[in-house]
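Have a look at the structure below, then the notes.
There are 2 protein chains.
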Amino acid sequence: MEKKVTIKDVAKIAGVSAQTVSRVVNNHPDVADETRTRIQKIVKDLEYSPNIIARSLIQGKTNTIGVVGFRLDYFGSNTILTAIERKAGKLGFSLLLTLINDLDESKIDPVLNQLLSRQVDGLIWTLPWLKDTQNRISEITKNLSVPVVLLNRKAFPGDIVVCLDNRHGARVATKHLLENGYKHVGIITGPTNWWEAEERYEGWREEMGFSISSRQAEMLTAHGDWTPQSGEDALYELIKKSPDTDAVFVSNDQMAIGVYRAAGKLGLRIPDDLGIVGFDNIPEAGFLSPPLTSIDQHSRYLGGGAVQQVVEQIKNPQKRNDEEIAPSWVKPELIIRESSTRNND
Amino acid sequence: MEKKVTIKDVAKIAGVSAQTVSRVVNNHPDVADETRTRIQKIVKDLEYSPNIIARSLIQGKTNTIGVVGFRLDYFGSNTILTAIERKAGKLGFSLLLTLINDLDESKIDPVLNQLLSRQVDGLIWTLPWLKDTQNRISEITKNLSVPVVLLNRKAFPGDIVVCLDNRHGARVATKHLLENGYKHVGIITGPTNWWEAEERYEGWREEMGFSISSRQAEMLTAHGDWTPQSGEDALYELIKKSPDTDAVFVSNDQMAIGVYRAAGKLGLRIPDDLGIVGFDNIPEAGFLSPPLTSIDQHSRYLGGGAVQQVVEQIKNPQKRNDEEIAPSWVKPELIIRESSTRNND
DNA sequence: CTGTTAGCGCATTCAA
DNA sequence: TTGAATGCGCTAACAG
Numbered sequence: 001m002e003k004k005v006t007i008k009d010v011a012k013i014a015g016v017s018a019q020t021v022s023r024v025v026n027n028h029p030d031v032a033d034e035t036r037t038r039i040q041k042i043v044k045d046l047e048y049s050p051n052i053i054a055r056s057l058i059q060g061k062t063n064t065i066g067v068v069g070f071r072l073d074y075f076g077s078n079t080i081l082t083a084i085e086r087k088a089g090k091l092g093f094s095l096l097l098t099l100i101n102d103l104d105e106s107k108i109d110p111v112l113n114q115l116l117s118r119q120v121d122g123l124i125w126t127l128p129w130l131k132d133t134q135n136r137i138s139e140i141t142k143n144l145s146v147p148v149v150l151l152n153r154k155a156f157p158g159d160i161v162v163c164l165d166n167r168h169g170a171r172v173a174t175k176h177l178l179e180n181g182y183k184h185v186g187i188i189t190g191p192t193n194w195w196e197a198e199e200r201y202e203g204w205r206e207e208m209g210f211s212i213s214s215r216q217a218e219m220l221t222a223h224g225d226w227t228p229q230s231g232e233d234a235l236y237e238l239i240k241k242s243p244d245t246d247a248v249f250v251s252n253d254q255m256a257i258g259v260y261r262a263a264g265k266l267g268l269r270i271p272d273d274l275g276i277v278g279f280d281n282i283p284e285a286g287f288l289s290p291p292l293t294s295i296d297q298h299s300r301y302l303g304g305g306a307v308q309q310v311v312e313q314i315k316n317p318q319k320r321n322d323e324e325i326a327p328s329w330v331k332p333e334l335i336i337r338e339s340s341t342r343n344n345d
Numbered sequence: 346m347e348k349k350v351t352i353k354d355v356a357k358i359a360g361v362s363a364q365t366v367s368r369v370v371n372n373h374p375d376v377a378d379e380t381r382t383r384i385q386k387i388v389k390d391l392e393y394s395p396n397i398i399a400r401s402l403i404q405g406k407t408n409t410i411g412v413v414g415f416r417l418d419y420f421g422s423n424t425i426l427t428a429i430e431r432k433a434g435k436l437g438f439s440l441l442l443t444l445i446n447d448l449d450e451s452k453i454d455p456v457l458n459q460l461l462s463r464q465v466d467g468l469i470w471t472l473p474w475l476k477d478t479q480n481r482i483s484e485i486t487k488n489l490s491v492p493v494v495l496l497n498r499k500a501f502p503g504d505i506v507v508c509l510d511n512r513h514g515a516r517v518a519t520k521h522l523l524e525n526g527y528k529h530v531g532i533i534t535g536p537t538n539w540w541e542a543e544e545r546y547e548g549w550r551e552e553m554g555f556s557i558s559s560r561q562a563e564m565l566t567a568h569g570d571w572t573p574q575s576g577e578d579a580l581y582e583l584i585k586k587s588p589d590t591d592a593v594f595v596s597n598d599q600m601a602i603g604v605y606r607a608a609g610k611l612g613l614r615i616p617d618d619l620g621i622v623g624f625d626n627i628p629e630a631g632f633l634s635p636p637l638t639s640i641d642q643h644s645r646y647l648g649g650g651a652v653q654q655v656v657e658q659i660k661n662p663q664k665r666n667d668e669e670i671a672p673s674w675v676k677p678e679l680i681i682r683e684s685s686t687r688n689n690d
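Note that the protein sequences, when read in sequence, are chains B and W.
With my numbering, letter number 12 in the first sequence gets 12, and the count goes up by one each step, no holes.
With my numbering, letter number 326 in the second sequence gets 671, and the count goes up by one each step, no holes.
This is the structure we're talking about:
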């Protein structure tokens, strides 16, 4: 509870000017060794640590990244945030965190203003994009004084985006089921207005060889909202309209949990009667019965990549206006377990 | 990418002093209505927003709370962080986030220094306490210039603690199993060096009426490490050493998932042959087969309570030294599902 | 009601 | 190798 010690206190005790202390603290070369060690000792004794706020004011940068996060109860979100924190720490940046739990566009401005007025050097925006909303963040970004990296969104011109290749993941999942002898591979999608959900749907559709809005595709599609309950309901719907469905690509693992439940109630054995591949590779996936094959997002690369991009922009501000920046794609990985591999056949 | 507009820019255009602009921005009363509206318009046109860094420097406070978080992949951790963010936002505080993913005491000082040099007004410390480590944070806290609230730790004199009543939760869980006719209620604990795990163990022991380190207690105890795999292994061990075990209180839901798996392999039907109560009430709990009875931590109150405490301390700094602050206990709640209730008996 | 002065804590620039 | 002056953007305290 002591009063905070400033650079002047150290200077006074050391009998030098504040500038000399500053030089020592910042490891500048031009200080006599004797002076340096003497000051270092005093710094330690007094437990002096520089006021970063003051330093930021003069340097015009805070070494802080603003992060706009989304629902940490989603596995993808919290692993991404964890990766962001880790990478930022390594690169010497602190994180100013704001969470948004519902995708209400009216919150964009206050959140942005709050972070910007706190002088963050850059921003990472992790909110999923809903197709039926304006893509405001993309427009706002352009005339902001700091770089913004968008995560898991469609890249519009001028955006800096780090993105999971959802489409590829869905294709791999679907292909895997087909290769394991399943003939009628359905899909349980996420909310239809989520861009990521649509990408996964498109990947499935392409791999199945269905044309856009074909009748076949429709018969093998049911929509969920990411929750286990919706996954359960979706399987009932799917089996009802296409009783010969023998496999399903479920757009996230939470819904797959619901699918397991529905399969149990319908008397469908996994993987013999119904093959399942999920998406996310949540920790529980390996512990379902049978263990769930799933697509791992490699969130670590997503979060780390976003930090890397934003830091690069912070350090080379001119680049951003000069050249278009290609989106960094992160490739998901198929983790094969028992829910998608039958011995017979 | 424009240069940032300062209070002086606004003042110049408005033809007033910076001070008057400051008054308008901060809603001070003594400004003529005409001047106020005129300045407000200019503020809007220029998209001026005050530099909070500068304001912080002069006011000696940042309206920022430092949060030291732990593994967001744990359900409890991420719900607590979510609650902290929400409450802090409501009270006008931003969050500077640091995550620690392994409980290595050497990290305490750097993390603390980083946050303190960034002039946070207060700290929330959510790392679990391991009994075999020094309780350093508790000592450090005392002579810090800002208040620190500790979450889910044993309260030592001088600490400000918000804590889940783990012991009570374990008692309620155990009592519930006994009341449902189970006779031999075992426990699968968390890591033995975690204080919270021990509290849950003690709650179970008390409710079972066992004395400390009694032979009976030992025969009904197996240790896990919070992971599903360890839960699975622990059930095998428990059944092996006490084959008549007919129910088990599992110290978290992740391990309970492993217990389900083990029960399946052992041919034990839940809840008929084996009653189960978990702890955490993760979202998947209701979707296991059968749905898992569990203890809800009410993380929302834990996180919110911590923010409330720290903000109170920030606003009344003198109080902290004058009076001992009693820990705030959050009572967990039993959520009854099918895994612990048999129809027969 | 409004402006002036001063200074938060520090680092940059220049001079010594 | 060191120190003095200056100012980052803002607001508290005072004066008018």
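Virtual Cβ for every residue (Gly too), placed ideally from N, Cα, C.
Worksheet item: Closer than 8 Å, CB to CB, is G603(W) near chain B or not?
Response: Translated into positions along the second sequence, residue 603(W) becomes position 258. Output row for G603(W): interface = yes.
Practice prompt. Would you please state the rounded distance, in angstroms, between the beta carbons of L235(B) and V248(B)? I believe it to be under 8 Å.
Written response: Translated into positions along the first sequence, residue 235(B) becomes position 235. Translated into positions along the first sequence, residue 248(B) becomes position 248. So it is a contact: roughly 7 Å between Cβ atoms.
Fill in: Residue-level contact to chain W via CB, D104(B), 8 Å cutoff
Within the first sequence, the letter at position 104 stands for residue 104(B). Residue contact with chain W for D104(B): absent (no Cβ-Cβ distance below 8 Å to any residue of chain W).
Practice prompt. Since I believe I425(W) is in contact with T471(W) (beta carbons under 8 Å), could you give me their beta-carbon distance rounded to a whole number of angstroms?
Written response: Along the second sequence, read from residue 1 onward, the residue named residue 471(W) stands at position 126. Along the second sequence, read from residue 1 onward, the residue named residue 425(W) stands at position 80. About 6 Å separates the two Cβ atoms, so the contact holds.
Practice prompt. Give me the Cα-Cα distance between P147(B) and I140(B), rounded to the nearest whole angstrom.
Written response: Position 147 of the first sequence holds residue 147(B). Position 140 of the first sequence holds residue 140(B). Each residue's alpha carbon lies about 11 Å from the other.
Practice prompt. Quick one: using the 10 Å Cβ neighbour count with 16 as the cut-off for buried, is E524(W) buried or exposed?
Written response: Position 179 of the second sequence, counted from the start, is the residue given in the question as residue 524(W). Flag for E524(W) reads exposed.
Worksheet entry | Beta carbon of L412(B) nearer than 8 Å to that of L46(B) | Absent from the model: residue 412(B). The displayed extent of chain B is 1 to 345, so no value can be given.
Worksheet entry | Beta-carbon neighbours of N316(B), restricted to chain W and to distances below 7 Å | On the first sequence, residue 316(B) is found 316 positions in, with the first residue counted as 1. Here the premise fails: no neighbours, minimum Cβ distance about 13 Å.
Fill in: Own chain partners of M219(B) with C-beta closer than 7 Å, once the 5 adjacent residues on each side are dropped
As a first step, residue 219(B) is located in the first sequence; it is residue number 219 there, counting from the start. For M219(B), where only same-chain residues beyond five positions count, the Cβ hits under 7 Å are K241 and S242.
Fill in: Members of the stretch 415 to 449 of chain W near chain B, C-beta cut-off 9 Å
R416, L417, D418, F420, S422, N423, T424, L426, T427, E430, R431, G434, S439, L440, L441, L442, T443, L444 and N446
Worksheet item: By Cβ distance, which residues of its chain are closer than 6 Å to I387(W), with the 5 residues on each side in sequence left out?
Response: For the purposes of this step, residue 387(W) is identified with residue 42 of the second sequence, where counting begins at 1. Only V355, I358 and A359 meet the Cβ criterion.
Fill in: C-alpha gap between H28(B) and I58(B), whole angstroms
On the first sequence, position 28 is the one that residue 28(B) refers to. On the first sequence, position 58 is the one that residue 58(B) refers to. Distance between the alpha carbons of H28(B) and I58(B): 17 Å.
Discussion item. Are the CB atoms of I445(W) and F415(W) within a distance shorter than 8 Å?
Written reply: Within the second sequence, the letter at position 70 stands for residue 415(W). Within the second sequence, the letter at position 100 stands for residue 445(W). Yes, these two residues count as a Cβ contact at 8 Å.
Discussion item. Determine, for A222(B), whether the minimum Cβ-Cβ distance to residues of chain W falls below 8 Å.
Written reply: Taking the first sequence and counting its residues from 1, the one referred to as residue 222(B) is at position 222. Taking Cβ atoms only, chain W never reaches closer than 8 Å to A222(B), which makes this a no.
Worksheet item: Tell me the DSSP bridge mates of D625(W)?
Response: If you number the second sequence from 1, residue 625(W) lands on position 280. D625(W) is bridged to D641(W).
Worksheet item: Just to confirm, does E47(B) get its C-beta within under 7 Å of one of the non-hydrogen atoms of the ligand MG?
Response: Absence of the ligand MG from the depicted structure is noted, as is the absence of any ligand whatsoever, leaving it without description.
Discussion item. Taking 8 Å as the threshold (beta carbon to beta carbon), is K353(W) in contact with chain B?
Written reply: Counting from one through the second sequence, the residue named residue 353(W) turns up at place 8. False, the Cβ-Cβ gap to chain B never drops below 8 Å.
Worksheet entry | Buried or exposed by the 16-neighbour rule on C-beta atoms within 10 Å, applied to A607(W) | Here residue 607(W) corresponds to residue number 262 of the second sequence, with the count starting at 1. Label assigned to A607(W): buried.
Fill in: Contact set for Y48(B): own chain, Cβ-Cβ below 6 Å, skip 5 residues either direction
The count along the first sequence starts at 1 and reaches residue 48(B) at position 48. Result list for Y48(B): V5 and V10, in chain order.
Discussion item. I'd like to know whether the C-beta atoms of D625(W) and D598(W) end up nearer to each other than 8 Å.
Written reply: In the second sequence, residue 625(W) corresponds to position 280, counting from 1. In the second sequence, residue 598(W) corresponds to position 253, counting from 1. Yes, the Cβ-Cβ distance between D625(W) and D598(W) is below 8 Å.
Worksheet entry | chain B residues whose Cβ lies nearer than 9 Å to that of L495(W) | The sequence position of residue 495(W) within the second sequence is 150, counting from 1. What L495(W) touches in chain B: nothing, since even the nearest Cβ is about 17 Å away.
Worksheet item: Are any of the Cβ atoms in chain W nearer than 8 Å to that of Q308(B)?
Response: Position 308 of the first sequence holds residue 308(B). It does not: the Cβ of Q308(B) has no partner Cβ on chain W nearer than 8 Å.
Fill in: Per-residue burial, I87(B) [other beta carbons within 10 Å of its own, 16 or more giving buried]
Residue 87(B) sits at position 87 when you count from the first residue of the first sequence. Here residue 87(B) turns out to be Lys, not Ile, going by the sequence shown. Buried.
Fill in: Inter-residue Cα distance where the pair is T638(W) and K676(W)
Counting from one through the second sequence, the residue named residue 638(W) turns up at place 293. Counting from one through the second sequence, the residue named residue 676(W) turns up at place 331. The alpha-carbon atoms of T638(W) and K676(W) are separated by roughly 17 Å.
Practice prompt. Look at V655(W) and I482(W) and say whether their C-beta atoms are less than 8 Å apart.
Written response: As a first step, residue 655(W) is located in the second sequence; it is residue number 310 there, counting from the start. As a first step, residue 482(W) is located in the second sequence; it is residue number 137 there, counting from the start. Their beta carbons are not under 8 Å apart, which means V655(W) does not touch I482(W) by this criterion.
Worksheet entry | Sub-8 Å separation of S684(W) and I615(W) beta-carbons | As a position in the second sequence, residue 684(W) is number 339, starting the count at 1. As a position in the second sequence, residue 615(W) is number 270, starting the count at 1. Taking 8 Å as the cut-off, the beta carbon of S684(W) is found closer than this to the beta carbon of I615(W).
Discussion item. So, with DSSP's three-state summary, where would you put K240(B)?
Written reply: Numbered from 1 along the first sequence, position 240 holds the residue referred to as residue 240(B). Collapsing the DSSP output to three states places K240(B) in a helix.
Worksheet item: Beta-carbon of A399(W) versus every beta-carbon of chain B: anything under 8 Å?
Response: Here residue 399(W) is taken as the residue at index 54 of the second sequence, counted from 1. At least one chain B Cβ lies under 8 Å of A399(W).
Worksheet entry | Identified DSSP bridge partners for G65(B) | Position 65 of the first sequence holds residue 65(B). Correcting the residue type first, residue 65(B) is Ile in the shown sequence and not Gly. Looking at the DSSP assignment, I65(B) forms a beta bridge with L95(B) and G122(B).
Worksheet item: Between the stretch 471 to 491 of chain W and chain B, which residues of the former have CB atoms less than 7 Å from a CB of the latter, in chain order?
Response: Taking 7 Å as the cut-off between beta carbons, the residues of the stretch 471 to 491 of chain W near chain B are N488 and S490, in sequence order.
Discussion item. Assuming contact is defined by CB atoms lying nearer than 8 Å, are D121(B) and I314(B) in contact in what I supplied?
Written reply: Here residue 121(B) refers to the residue found at position 121 of the first sequence. Here residue 314(B) refers to the residue found at position 314 of the first sequence. Yes, they are a contact pair.
Practice prompt. Anything in the stretch 495 to 513 of chain W with a Cβ closer than 7 Å to a Cβ of chain B? List those residues in chain order, please.
Written response: none
Discussion item. Using the three-state DSSP reduction, which class does H223(B) fall into: helix, strand or coil?
Written reply: Taking the first residue of the first sequence as position 1, residue 223(B) is located at position 223. Residue state, collapsed to three classes: strand.
Worksheet item: Quick one: Cα of L457(W) to Cα of K44(B), how far?
Response: The residue you call residue 457(W) lines up with position 112 of the second sequence. The residue you call residue 44(B) lines up with position 44 of the first sequence. If you take the alpha carbons of L457(W) and K44(B), they lie about 15 Å apart.
Worksheet entry | As assigned by DSSP and simplified to three states, the class of G620(W) | The sequence position of residue 620(W) within the second sequence is 275, counting from 1. Of the three classes helix, strand and coil, the one that applies to G620(W) here is strand, per DSSP.
Worksheet entry | Closest Cα partner of W571(W) within the set F420(W), L442(W) and Q364(W) | The sequence position of residue 571(W) within the second sequence is 226, counting from 1. For W571(W), the nearest C-alpha among the options comes from F420(W).
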